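Report on the structure given below.
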Amino acid sequence: MYVGVLRDIANVHRLTRLVLAAATFTVVVSLVDVTAARADPVATTATVLKVVDGDTVDIVDDVRGRLRIRLLGIDTPETKKPGYTVGCWGPEASEFAKQTLLGQRVAFITDPGQGTYDRYGRTYLQ
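Numbering-wise (numbering that gives the first Met the number 0), the sequence shown opens with residue 0 and increments by one.
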């Protein structure tokens, strides 16, 4: 009988910890979403100077000058990365980006949920 009571108490403690963990997770996720939603994206106008590959371009920003940017939300196979083989459809993605973007006047926005730069020093823009 006594063992059964201890087992029930242990189960209640496990359930309590699980409920608290779920509630904490929900609150943290809600705060992150609210913070990201409140931050206003910063728009910038620029001219595309060079297409490096399908997801990286060089631009001249009206405010900051020349930048190498990583296009957020686009991930194409590598074509120029040292030590890597050219990925399937990578050259086609690069060619499409060249035909679509090269020389064009474009507007980019920052994503408040991302950092400013990636690990290669490229500026994150959409």
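Ideal Cβ placement from N, Cα and C applies to all residues, glycine included. Source: prediction; values computed, not measured.
> Taking just the CA atoms, how far does T55 sit from Y123?
Replying inline: Counting from one through the sequence shown, the residue named residue 123 turns up at place 124. Counting from one through the sequence shown, the residue named residue 55 turns up at place 56. Approximately 10 Å, taken between the alpha carbons.
>> Measuring straight from C-alpha to C-alpha, what distance separates T43 and D61?
In response: On the sequence shown, position 44 is the one that residue 43 refers to. On the sequence shown, position 62 is the one that residue 61 refers to. The straight-line gap from Cα to Cα measures roughly 7 Å.
> With a Cβ-Cβ cutoff of 8 Å, do R67 and D57 count as a contact?
Replying inline: Translated into the one-based positions of the sequence shown, residue 67 becomes position 68. Translated into the one-based positions of the sequence shown, residue 57 becomes position 58. For R67 and D57, yes; Cβs fall inside 8 Å.
> Where do the N-terminal and C-terminal ends of the beta strand (DSSP E) with G89 fall, by residue?
Replying inline: Indexing the sequence shown from 1 puts residue 89 at position 90. G89 -> not in any beta strand (DSSP E); alpha helix (DSSP H) instead, spanning G89 to L100.
> For the segment 100-125, which segments carrying the beta strand (DSSP E) assignment without a break, of at least 3 residues, lie completely within its bounds, in sequence order?
Replying inline: 104-108 and 122-124
> What does a CB cutoff of less than 7 Å around T23 pick up in its chain, not counting 5 residues either side in sequence?
Replying inline: For the purposes of this step, residue 23 is taken as the residue at position 24 of the sequence shown. Low confidence applies to T23: its pLDDT is 48, below 50, so where it sits in the model is not reliable enough to give any reading.
> When the Cα atoms are used, what is the spatial distance from T34 to Q113?
Replying inline: Here the question's residue 34 lines up with position 35 in the sequence shown. Here the question's residue 113 lines up with position 114 in the sequence shown. No answer about T34 holds up, because its pLDDT of 46 lies below 50 and its placement is not dependable.
>> Between the alpha carbons of R65 and T115, how many angstroms are there, rounded?
In response: On the sequence shown, position 66 is the one that residue 65 refers to. On the sequence shown, position 116 is the one that residue 115 refers to. R65 and T115 have their C-alpha atoms roughly 15 Å apart.
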